[in-house]
Amino acid sequence: DAAEKGGYDHYMLKEIHEQPQALRQAVAGRIDAVEERVELDRSLSTAFLDSLDEIQLVACGTSYHACLYGKQLLESLADVRVTVEFGSEYAVGSGRDPERTLVVGVSQSGETADTLRALRTAKRTGIRTLGVTNTVGSTVARECDDALYIQAGPEIGVAATKTFASQVVTLALLAVDVADSRGELDPADGRELLSNLQALPGAVQTALDRDREVREVADAYAGGEAFFFIGRQFATPVALEGALKLKEISYDHAEGFPAGELKHGPLALITERTPVLAILTDGARPEETHNNVKEVQSRGAPVVAVTSETGREGDYEVGFDVPDLGVLEPLVANVYLQLFAYHVADGKARPIDRPRNLAKSVTVE
Ligand code: G6P
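In full-length UniProt numbering, each number is its position in the sequence shown, counted from 1, plus 234.
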């Protein structure tokens, strides 16, 4: 067992540290650097992608958060309407042309019952389906019209970590591919995203190298009554994911939401005993979130900030910075949040790899 964990105390920590490798695998053989194009092994035709009115992303849990990130990538690059729904809530809805709609089911395991239900519902209506999964031969991969693998390698810890990053990167590649297929790809935008995707593993490594510092911060704040995670735009899914990670493994109350929504309710819960983790990176309108940070600080809440390198880590009592990576910066911020959740839970001696009441893959609706 110890050998399988590669010297780490838990699979989760091992898998957090495997992210640079997983991210290299996610893009391996898929970026033509000379042509500045994405080459995905897909059977859905370019003409079909070009004809789409709408892409519907369906998933559960962490995969749902990856979809929220993917939606923003797709919409910003490919000029296509994208919706995101929980597998359990999916309904085809009216006014859709099945011929011009694609449902993308995102599932690490490829076996989540709620996501399968959504994909089968779509299929029955004549909508074509694409599975984005980590698991070759899984039900999602077999039942969808086409499958795209995230190539992250096995994930054992119940709380998904490296597969979130790999899902977002795979959806980023899909976004470039769809944009290109539709003749919408702005060459400069495409070039920037592809080069940032290739720089991402190194950037993630710089965050991982600060593991010890994150542990100190986690130890200092672990006694909080509740934890709030805020971000904007590309950082909103990461705020949601940061809160989910913490609640799954530490059993502390944690909530993530768009920073702008703070004043519409959650602010009532902010005290000096509720640490706020704020993501102020590129792609996340950091100046506006900075104002929200000031609002919680004036109510005494301690703030852990993750900022861009060019930002102002120094403005916050506790800060971690992220190298310049455009809209992928929140993905690096997420690594700090994963480590934070891990160390809070570890300090409380929680069974991190097998949290109570949860399963790696939920095969009942
Ligand atoms: C379970 C796991 C989560 C996971 C979710 C969706 O709830 O505990 O970590 O995000 O299922 O799983 P999937 O395999 O469909 O991505």
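Even glycine gets a Cβ: it sits at the ideal position worked out from N, Cα and C. Please read these numbers as outputs of a predicted model, since none were measured by experiment.
query	result
Through-space distance from Leu428 to Glu459, alpha-carbon basis	41 Å
Segment contact flag, the stretch 458 to 475 with the stretch 511 to 520, C-beta cutoff 8 Å, min 3 pairs	yes
Rounded C-alpha distance that separates Gly321 from Cys294	6 Å
Delimiting residues of the beta strand (DSSP E) encompassing Ile384	Unbroken run through Ile384: none, as it is neither H nor E.
Chain-order list of residues whose beta-carbon lies under 6 Å from that of His299 (same chain, five-residue window excluded)	Pro471, Leu474 and Glu475
Three or more C-beta pairs below 8 Å linking the stretch 312 to 321 and the stretch 338 to 356	yes
Same chain, Cβ closer than 8 Å to Leu311, neighbours up to 5 away in sequence not counted	Ala409, Val410, Val412, Ala413, Glu418, Leu419, Asp420, Asp423, Gly424 and Leu427
The ligand G6P heavy atom lying under 8 Å from the CB of Glu345	yes
Span of the beta strand (DSSP E), counted from its first residue to its last, around Ala512	Val510 to Leu514
Residues near Gly534 in its chain [Cβ-Cβ closer than 6 Å; skip 5 each side]	Glu506
Near the ligand GTP: Leu592 beta-carbon under 8 Å from a heavy atom	This structure simply doesn't include the ligand GTP; it includes the ligand G6P instead.
Chain D contact for Ala512 (CB, 9 Å cutoff)	Considering every chain present, this structure includes no chain D. It has just one protein chain.
Reference Gly360; option with closest CA among Asp379, Thr373 and Gly344	Asp379
Nearest residue (CA-CA) to Gly404, options Asp284, Val374, Pro585 and Gly365	Note on residue identity: the sequence assigns Thr, not Gly, to residue 404. When each option's Cα is compared against that of Thr404, the closest is Gly365.
The alpha helix (DSSP H) enclosing Thr355, as first and last residue numbers	Ala347 to Arg358
Cβ-based neighbour list, Ala381, same chain, cut-off 8 Å, excluding 5 preceding and 5 following	Leu364, Gly365, Val366, Thr367, Val374 and Ala375
Alpha carbon of Val402 to alpha carbon of Ala356, nearest angstrom	23 Å
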